[in-house]
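Protein chains in written order, with the working numbering: chain A, 104 to 283; chain B, 507 to 1004.
Data first, discussion second: the structure below is written as structure tokens.
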């Protein structure tokens, strides 16, 4: 069955088609939920909410543009919505200058570890870092999505990079010390 | 060794092909919610139709006049009335209605409304009543002040005494106006202190009216009750709203309730037809008003939905008019048997004379009138069929509006167990037993639809009025014509929550 047929069946609430669509995309969408969330349980909640939104709004999908892009936007919106309702986005503006030195040694660092340190970032830094670095949104897009200024978005990103770099370096130092 | 790399690149490369399958439990939860949503979609549509049908039914059953009188006037006191003071004051209004013209009645209604709202006012204000800033010459305001002092009297013994001593003095100034009052007061002069306070109020108000009669602005002021009521409602609106919310929250705890009920029931058929014999298909049928009584228990699933069951004894009956009953002497008539009637056995002593009662529709009789009959018991007799059942309903009640006067839609079904059944011919009030209908099922069902009004007297106690339409299924075998029996009952009762 082609993707379009599957989508059409989902539009008429065919339960089997909905299950197939879930199987097709859960593997790709769950990592997105993981990186935008604080932990595994919250990611599961986001995935659940996102799929319910997808099945609810699939009638509005008009086969223009990629379906994967459409559902990814829903996942991101679902994640952002959670923090909007929790009102954690109103961090006081921090004026941090553009990053100076954020290069890092490309040694073997596990994906699991990277995911963990992203999840440990403060909510807004995590969102901005994900949106800009991993999902390719511009600072202007981000400023609209999060209802912040472009400047705030930039400084949040810089701060996120610094924290991540620092965390990785500390981790390495510790490993190095342990190996001695 | 490793290269230096921009931190963004590091993350981008690592996350590029990151795929991970979530736990199966996630899909199960999604699926459960999708199914629940489908179910939820079905129910509201059903309730919409039920609501429309029940509303139509209410209009048909109770009739326009009754509907206007009750449904519109009942909610009004529910908005204003709040405290136990209401009772004596209402009595006072009733007493007043006898002796005064309409404009004055209007004024009293206002003052009673004002009184209820001002219960929580400070006692000091009442003490200062003479210098109260709002006093001016507006009669309704001064009425509220008068009631203030009376209310304060209820609260504190000291002020009551002072008011009581002041009050007779004021009343004396207006003896003429108080004569009627005195009469009504005496009638109501019980020993309870509430009544005393009501008398105080009467004195104050009566006093006020006498002032007003010399004041030209009286008529205009008393004829604008709406504005005054609104003003006071706004002042107290928040408090009232809070009280209501608290009430609702507490009610949630009381999931179970028991309600004894009684109802007049009207039995009839939707189509033309007969349950007795095909020859009566076109005869006119008239419904008999019978009673149903019983008790129901309900369980509130949530704030809006409750499920209930119970047991009711239902008597139903209807008359088939324009029949002729003939007593044939000593001979068997071919017309003596009705299709669905098991006649009284000839062995019974009552019928041992060999008389056979034949019953015909009057039209049928006209056709066959050439035959010889010994006696006729009359023309335009009617056949009365009476049935009685034990009814076990299972119904769902959905709350549409949860105010002091709650509005519900009710739907469900009932099982009926036949307990008694008889046919009589009736002529000039004399009933002759014909026999039992042979075509009534021992067990039958009905689809129920109705509309409920609950008037909450207190958190635990309410009064119900529920017009119900019950369409009977499988009650009769072998009916002729288009016989679709139903009955309408207007159930009234009271409910206790616990």
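Every residue gets a Cβ at the ideal spot worked out from N, C-alpha and C, and that includes glycine.
Since the structure is predicted, the reported quantities are computational estimates derived from the model, not experimental observations.
Margin query: Checking 9 Å against the spacing of the C-beta atoms, do residue 993 of chain B and residue 781 of chain B come in under that value?
Written below: No; because the gap between Cβ atoms is not below 9 Å, this pair is not in contact.
Check: Taking just the CA atoms, how far does residue 212 of chain A sit from residue 276 of chain A?
Finding: Roughly 13 Å separates the two Cα atoms.
Check: Interface residues of chain B around residue 118 of chain A at Cβ under 8 Å?
Finding: Among the residues of chain B, those whose CB is under 8 Å from the CB of residue 118 of chain A are 537, 540, 541, following chain order.
Next item on the list: Rank B/892, B/964, B/760 by C-alpha distance to the C-alpha of residue 807 of chain B and give the top, closest one.
Entry: Nearest of B/892, B/964, B/760 to residue 807 of chain B, Cα basis: B/760.
Next item on the list: Would you mind telling me which residues of chain B sit closer than 9 Å to residue 217 of chain A, beta carbon to beta carbon, in chain order?
Entry: Near residue 217 of chain A (Cβ distances below 9 Å), the residues of chain B are 516, 517, 520, 521.
Notebook entry, point to check: How about residue 960 of chain B and residue 947 of chain B: do their beta carbons lie closer than 9 Å?
Noted result: Going by C-beta atoms, residue 960 of chain B is not nearer than 9 Å to residue 947 of chain B.
Checklist line | Beta-carbon gap between residue 913 of chain B and residue 956 of chain B smaller than 9 Å | finding: Going by C-beta atoms, residue 913 of chain B is not nearer than 9 Å to residue 956 of chain B.
Notebook entry, point to check: Around the C-beta of residue 152 of chain A, are 16 or more other C-beta atoms found within 10 angstroms, so that it is buried, or is it exposed?
Noted result: The residue is buried, with at least 16 neighbouring Cβ atoms inside 10 Å.
Notebook entry, point to check: Beta carbon of residue 888 of chain B, beta carbon of residue 925 of chain B: below 9 Å?
Noted result: No.
Check: For residue 155 of chain A, which residues in chain B fall below 9 Å Cβ to Cβ?
Finding: Residues of chain B whose Cβ lies closer than 9 Å to the Cβ of residue 155 of chain A are, in chain order, 536, 539, 540, 543.
Item checked: Segment contact flag, the region 894-912 of chain B with the region 802-820 of chain B, C-beta cutoff 8 Å, min 3 pairs -> Touching, per the Cβ criterion.
Margin query: Below 8 Å on C-beta distance, what does residue 264 of chain A contact in chain B?
Written below: Ordered by position in chain B, the residues that pass the 8 Å Cβ test against residue 264 of chain A are 513, 514.
Item checked: Within chain B, the residues that residue 150 of chain A reaches when beta carbons sit closer than 9 Å -> Neighbours of residue 150 of chain A in chain B, taken as residues whose beta carbon is under 9 Å from its own, are 528, 532, 536 in chain order.
Notebook entry, point to check: Can you name the residues that DSSP bridges to residue 780 of chain B?
Noted result: Under DSSP, residue 780 of chain B takes part in a beta bridge, and its partners are B/986.
Next item on the list: Please state whether DSSP places residue 168 of chain A in a helix, a strand or coil.
Entry: Taken through DSSP and simplified to helix, strand or coil, residue 168 of chain A comes out as coil.
Note to self: Give me, in chain order, the residues of the same chain whose beta-carbon lies closer than 7 Å to that of residue 207 of chain A; leave out the 5 immediate sequence neighbours on both sides.
What the structure shows: So the qualifying residues of the chain are 268, 271.
Item checked: Close beta carbons around residue 795 of chain B, own chain, < 8 Å, minus the five adjacent residues each side -> Listed in chain order, the non-local C-beta contacts of residue 795 of chain B below 8 Å within the same chain comprise 770, 771, 772, local neighbours out to five positions each way being set aside.
Item checked: Own chain partners of residue 768 of chain B with C-beta closer than 6 Å, once the 5 adjacent residues on each side are dropped -> Taking C-beta separations shorter than 6 Å and ignoring five residues to either side along the sequence, the partners of residue 768 of chain B in its chain run 799, following chain order.
Margin query: Looking at residue 222 of chain A: is its Cβ nearer than 9 Å to the Cβ of residue 142 of chain A?
Written below: With respect to residue 142 of chain A, residue 222 of chain A sits close: the two C-beta atoms are nearer than 9 Å.
Margin query: Give me, in chain order, the residues of the same chain whose beta-carbon lies closer than 6 Å to that of residue 852 of chain B; leave out the 5 immediate sequence neighbours on both sides.
Written below: Any reading at residue 852 of chain B needs caution, since the residue's pLDDT is 44, under 50, leaving its predicted position unreliable; the model's value is listed next. Short of 6 Å from the beta carbon of residue 852 of chain B, and not among the five residues preceding or following it, lies no beta carbon of its own chain.
Item checked: Other residues of its chain near residue 121 of chain A: CB distance less than 6 Å, five sequence neighbours each side excluded -> Excluding its 5 nearest sequence neighbours in each direction, residue 121 of chain A has C-beta neighbours in its own chain below 6 Å: 113, 158, listed in chain order.
Check: The beta strand (DSSP E) spanning residue 904 of chain B covers which residue range?
Finding: That run of the beta strand (DSSP E) goes 887-908.
Next item on the list: Quick one: which unbroken beta strand (DSSP E) runs of 3-plus residues sit fully inside the region 946-974 of chain B? Chain order, please.
Entry: Correct list: 949-962.
Checklist line | Extent of the continuous beta strand (DSSP E) to which residue 991 of chain B belongs | finding: Where residue 991 of chain B is concerned, the enclosing beta strand (DSSP E) stretches over 991-1003.
Note to self: Can you tell me whether residue 767 of chain B is helix, strand or coil according to DSSP?
What the structure shows: In the structure shown, residue 767 of chain B adopts extended strand secondary structure according to DSSP, grouped into three states.
Item checked: Pair within 9 Å by beta-carbon distance, residue 973 of chain B and residue 775 of chain B -> It is not a contact, given that the beta carbons lie outside the stated cut-off.
Check: Which whole-angstrom value describes the C-beta separation of residue 132 of chain A and residue 174 of chain A, a residue pair presumed to lie in contact below a C-beta threshold of 8 Å?
Finding: The distance from the Cβ of residue 132 of chain A to that of residue 174 of chain A is about 7 Å, consistent with a contact at the 8 Å cut-off.
Note to self: Contact defined as beta carbons within less than 8 Å: I believe residue 253 of chain A pairs with residue 243 of chain A. What is the distance between those atoms, to the nearest angstrom?
What the structure shows: Right, the Cβ-Cβ distance comes to about 6 Å (below 8 Å), so this counts as a contact.
Item checked: Cβ of residue 301 of chain A within 9 Å of any chain B Cβ -> Nothing about residue 301 of chain A can be reported from this structure: the residues present for chain A run from 104 to 283 only.
Next item on the list: Check the Cβ-Cβ distances between residue 170 of chain A and every residue of chain B, and say whether any is below 9 Å.
Entry: It does not; no Cβ of chain B falls within 9 Å.
Next item on the list: Check residue 273 of chain A in the structure and name its three-state DSSP category.
Entry: The three-state reading of DSSP puts residue 273 of chain A in helix, counting H, G and I together.
Item checked: Within-9 Å CB hit, residue 236 of chain A to chain B -> Contact of residue 236 of chain A with chain B is assigned, a C-beta pair being separated by under 9 Å.
Margin query: To the nearest angstrom, how far is the alpha carbon of residue 278 of chain A from that of residue 233 of chain A?
Written below: Near 27 Å, if we compare the C-alpha coordinates of residue 233 of chain A and residue 278 of chain A.
Check: Name the chain A residues that come within less than 7 Å of residue 524 of chain B, Cβ to Cβ?
Finding: Listed along chain A are 134, 214, each with a C-beta nearer than 7 Å to that of residue 524 of chain B.
Item checked: Length of the line joining the Cα atoms of residue 650 of chain B and residue 1000 of chain B -> A caution first: residue 650 of chain B carries a pLDDT of 42, below 50, which makes its placement in the model too unreliable to give a value.
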